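Participant:
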Amino acid sequence: MTSRLLAPLNWVGGRVLRGVSSLGRWGHLLTDTIRALRHVDVWLRLVLAQMARIGVDSVPIALFIATFTGIVLALQASYTFTGAVPLYFVGVLVGKTMILELGPVLTGLALAGRVGANIAAELGTMRVTEQIDALETLAYPPVAYLIVPRVLAGVVMFPVVTILAVALGIAAGWVTALQLLDMSTPEFVRGLMLFFLPFDVWFAVIKAASFGLVVCMVGCFYGFHTTGGAEGVGLSTTRAVVVSSMLILVLDAFWAVTLL
Amino acid sequence: MSIVIKDLHKSFGEKQILQGFALDVQDGETLAILGHSGSGKSVTLKHIVGLLEPDQGEVWVDGQAVTELKTEELYELRRRVGYVFQMAALFDSMSVAENVGLGLRRISGMTEDAIQSRVAECLDLVDLSGFQDRRPSELSGGQRKRVGLARAIATKPGYVLYDEPTTGLDPVTKAVIDGLITKMQKELGVTGVVVTHDMQSAYRVSDRIAMLYEGKTRFLGTPKEIQATRDPVVRAFIEGRPELLQEEATGAKEES
Amino acid sequence: MKRRNETLVGLVLLAGLATAIFGTMWLQGWEWGRDVVPVEAVFRDVGAAGAGNAVKVRGVRIGRISDVSVLPGGELVQMVMRVDADVPLPDDAAVVLAPESMFGDWQAEIVSQADFPHFNFAAPPGSDVLPGYALPDISRLTATADRISENLADLTDRIGIAFTEETARNLALTIENIQEVSNQLSELIEQQAATFGEVAAGVDEATGEIGRAAASTRSVFDRLDGVLAAGEVEALLTDLRQVSAGFEGLAQEASVTSRELGGMASRADSTFARLDHILEVAQGGEGVLGRLLGDPALVDEVEGTLVQLQLLLEDVRENPRRYLRLSIF
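Those protein sequence lines, which keep their order, are chains A, B and C.
Under this note's numbering, residues 703 to 962 are what the first sequence spells out, in order.
Under this note's numbering, residues 395 to 650 are what the second sequence spells out, in order.
Under this note's numbering, residues 153 to 481 are what the third sequence spells out, in order.
1. Between Ser-724(A) and Gly-818(A), how many whole angstroms is the CB-CB distance? I'm expecting something under 8 Å.
2. Closest to Asp-219(C) by CA distance: which of His-270(C), Pro-283(C), Ala-193(C), Thr-171(C) is it?
3. Using a Cβ-Cβ cut-off of less than 9 Å, list which residues of the segment 827-857 of chain A approach chain B; keep chain order.
4. What is the DSSP secondary structure of Tyr-607(B), counted as helix, strand or coil?
5. Could you give the DSSP three-state label for Pro-710(A): helix, strand or coil?
6. Ignoring anything shorter than 4 residues or poking outside the segment 550-623 of chain B, list the alpha helix (DSSP H) runs there in chain order.
7. With a threshold of 6 Å on Cβ separation, who are the neighbours of Leu-840(A) within its own chain once the five nearest residues in sequence on each side are excluded?
8. Tell me which residue opens and which closes the beta strand (DSSP E) that Arg-234(C) is part of.
9. Please classify Ala-358(C): does DSSP put it in a helix, a strand, or coil?
10. Kindly indicate if chain A contains any beta-carbon less than 8 Å away from that of Asp-257(C).
11. Could you check whether Leu-179(C) and Met-895(A) sit closer than 8 Å to each other, using their CB atoms as the reference points?
12. Note down, in chain order, every chain C residue with its Cβ under 7 Å from the Cβ of Ala-754(A).
13. Quick one: which chain A residues come within Cβ less than 9 Å of Phe-479(B)?
14. Would you say Val-443(B) lies against chain A (beta-carbon separation less than 8 Å)?
15. Who are the Cβ neighbours of Val-554(B) in its own chain at under 7 Å, not counting the five residues just before and after it?
16. Check whether the Cβ of Leu-179(C) lies closer than 8 Å to any Cβ atom in chain A.
17. Under the DSSP definition of a beta bridge, which residues are partnered with Gln-413(B)?
18. Just curious, the beta strand (DSSP E) that Ser-523(B) is in, first and last residue?
19. So, does the CB of Tyr-556(B) fall closer than 8 Å to a CB anywhere in chain A?
20. Using a 10 Å radius around the Cβ and a threshold of 16 neighbouring Cβ atoms, would you call Lys-798(A) buried or exposed?
21. Return no unless some Cβ of chain A is closer than 8 Å to the Cβ of Ala-167(C).
22. What in chain C is Cβ-close to Pro-900(A), meaning under 7 Å?
23. Using a Cβ-Cβ cut-off of 8 Å, state whether Ala-200(C) counts as contacting chain A.
24. Is it buried or exposed for Ala-266(C), if we count other Cβ within 10 angstroms and need 16 for buried?
25. Using the C-alpha atoms, what's the distance from Gly-278(C) back to Gly-215(C)?
26. Taking 8 Å as the CB-CB limit, is Ala-250(C) close to chain A?
27. Within 10 Å of its beta-carbon, does Met-177(C) have 16 or more other beta-carbons around it, so buried, or fewer, so exposed?
28. Does the count of Cβ pairs from the segment 397-404 of chain B and the segment 440-450 of chain B closer than 8 Å reach three?
29. Leaving aside the five residues before and after Asp-244(C) along the sequence, list all residues of the same chain whose C-beta is less than 7 Å from its C-beta, in chain order.
30. According to the neighbour-count rule (16 or more other Cβ atoms, all chains shown, within 10 Å of its Cβ), is Leu-719(A) buried or exposed?
31. So which of Val-541(B), Phe-415(B), Gln-420(B), Asp-421(B) has the shortest CA-CA distance to Gly-434(B)?
32. Which stretch, first to last residue, makes up the beta strand (DSSP E) that contains Lys-208(C)?
33. Output, in chain order, the set of chain A residues within a Cβ distance shorter than 9 Å of Gly-204(C).
34. Could one say the Cβ of Gly-552(B) lies closer than 8 Å to chain A's Cβ atoms, at least one of them?
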């Protein structure tokens, strides 16, 4: 009787405790990562390879997404701006949305799928096949060896990939405006320049860097704490993608509130 | 200088794995730890190199209390302890040479040439000369274990821990691995701890055998002694006869 | 493999960095290889003008605004513009800020100060700094028109409900307001129109006419007092309601789009034609309305206001291009 009454309490208590402990593990990993930064000799040589994997290899998918986004933005803008709004506002819309929102966020989400899943699966496999333990026995601090290079590479490369994506997206919108919308280059460029502020670029870079941090950190976290073989790796990968995608959108809103 | 384990307790959640396990490994000997799957053999090994922290108890290696060491000191200690993992735990992204040489790169002042020659030496020792540029995925199970062994001994450790070195191998390859473990001890003077549930292998490589049962040491003695024991739990394990455990259980009930 | 990594990472990093830097510079309107000089001007207020907006001479873009800052003391705003060095500026150059379009982008036009004698330019602290003046923008114009329509509706309602002495006083007040805002409206339109294209001699004329018309109608109403017929009050009210409704429509039109400015003008024109008609009818009858209002001056004001508005709208209809330039397109 009592136990049945206490069941909901137990459930709530268990939930809270698990939540707190997971938060604790997050904090732990975060401080470990910051502390591991001092093992420069361990991570320095590895950053380059991760920059290639996380950044360079992600360029094609990011550019692909940006190209089509740019085309669609230009077409939808012209569809919306009928009558009262002059056509050069297509340039405004394509430029502003690509730089401020769609460039960073779509690139972030695409890379959450590509990079986040990759990291979680790789570290998860390393965990369940004891490769992380093996690193420790070879006197390598695993956080410095595995997490720091990935997170650093993410923070540096996400903005770079995002900038390239934004540039190509705008170019795609431009070509679309010329070819399909009967606009002229001066018209489009006028719109592009109209409300442009150098801060917009900073905003995009800050956003992209924070997305890089979140995606790589979340991927590392779930990969690092994988348990239970192949199934566990699959679970970690899924969680990493879902959680980092959600965090990207939350961060997006956060930056919009704090920086704009 | 040796490995001493005192009153080791460890549980994962509700599950009690070690409940006062104790062990004393003499310098230069090879000791085999026997036990059922999940009895805590690998957990014990991980305590020796500080991969796990005990809930209670002490682990001493080389005169140092592992649980008391600072991170840097722990890494220093790990350089003196080689660890051969059950599934070899080779790094998939690296070649065989990179795998074997990884520990060496942590030693400051070692030139690339010195590393390469030491890698060749270690591969030679496990009969895998010329395998430097292979990838782990191109190797057979036995070859992977041998590379794992080469990697464990690359830094010339005084201690080597073997986590089920022969599990899942064919009899011939098992014999080769066992031969290597003996070779480590005889030629390099390595102190070894072999975790296994393969009796044949345990008899071949070990000077003494410890049986881990229900979180404690059930038996400790030479291979000869273990073969002569009358303890039904140990006999059930070494002879592969679970019915003896039944007798032990009913016998214990009758006594009480 | 490692070599390839290094090259690729380096390449992508450099490409990203170059894109960010040159893209930003380009979008900010950087002048590569062009001979550019800074020109400074001071304003009491810069409206919505800011860095990056166009600088023009006679409608031709010659540079951009590069910096806007409040001067110490807080009274003046300093603006730095970067313009092509080879474009000659007038001797008595001054800067007029105005909306370039309805969507918030402003422009700075370098003009000759002598062409705009009635603009209240800010006095520059030094000889190499130009005086500047910012025009009120289209939204204020629209808001003014809105207020007029509200006042007219108010007026009509009050006449309709009851006609006591108090309402008459309120009426007087309302009409005063109307006159005031219609004056503001005419001023605004005049200023806006004057900025672009040839300065409107027509507008000056129109303002003069407003004054004359007001004077002449005052004398008309002096006589009107005695001749308004009792039966016409109801008709007058109906027409007044129509006027206010028409004006409301006009205000809405102005805020939605000015493309139909021509149509709007003609609609408003018909409204005022109706009002003229009422007044003519009223002249033929007894002086009931005048007595009801109890204040001949009030009637003057009604007449004066309406005439002014009518003239303005006539001008809009006759010179739509001027107002089209001013508002948006």
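For every residue, glycine included, the Cβ atom is placed at its ideal position computed from N, Cα and C.
The structure presented is a predicted model; accordingly, all values stated were derived computationally and were not measured.
Facilitator: In this structure, then:
1. The Cβ separation is near 18 Å, so there is no contact.
2. Ala-193(C)
3. Thr-827, Met-828, Thr-831, Glu-832, Gln-833, Ile-834, Asp-835, Ala-836, Leu-837, Glu-838, Thr-839, Leu-840, Ala-841, Tyr-842, Pro-843
4. strand
5. helix
6. 565-582, 593-599, 617-622
7. none
8. 229-236
9. Only weak support exists for where Ala-358(C) lies, its pLDDT of 40 falling under 50; the coordinates are left without a value.
10. yes
11. yes
12. Asn-157, Leu-160, Val-161
13. Thr-831, Glu-832, Gln-833, Asp-835, Ala-836, Thr-839
14. yes
15. Gly-476, Val-478, Ala-546, Ile-547, Met-578, Val-584, Gly-586
16. yes
17. His-403(B)
18. Looking at the DSSP string, Ser-523(B) is not in any beta strand (DSSP E), and its letter there is neither H nor E.
19. no
20. buried
21. yes
22. Thr-176, Gln-180
23. no
24. exposed
25. 22 Å
26. no
27. exposed
28. yes
29. Ser-264, Gln-265, Ala-266
30. exposed
31. Phe-415(B)
32. 206-209
33. Met-895, Leu-896, Phe-897, Phe-898, Leu-899
34. no
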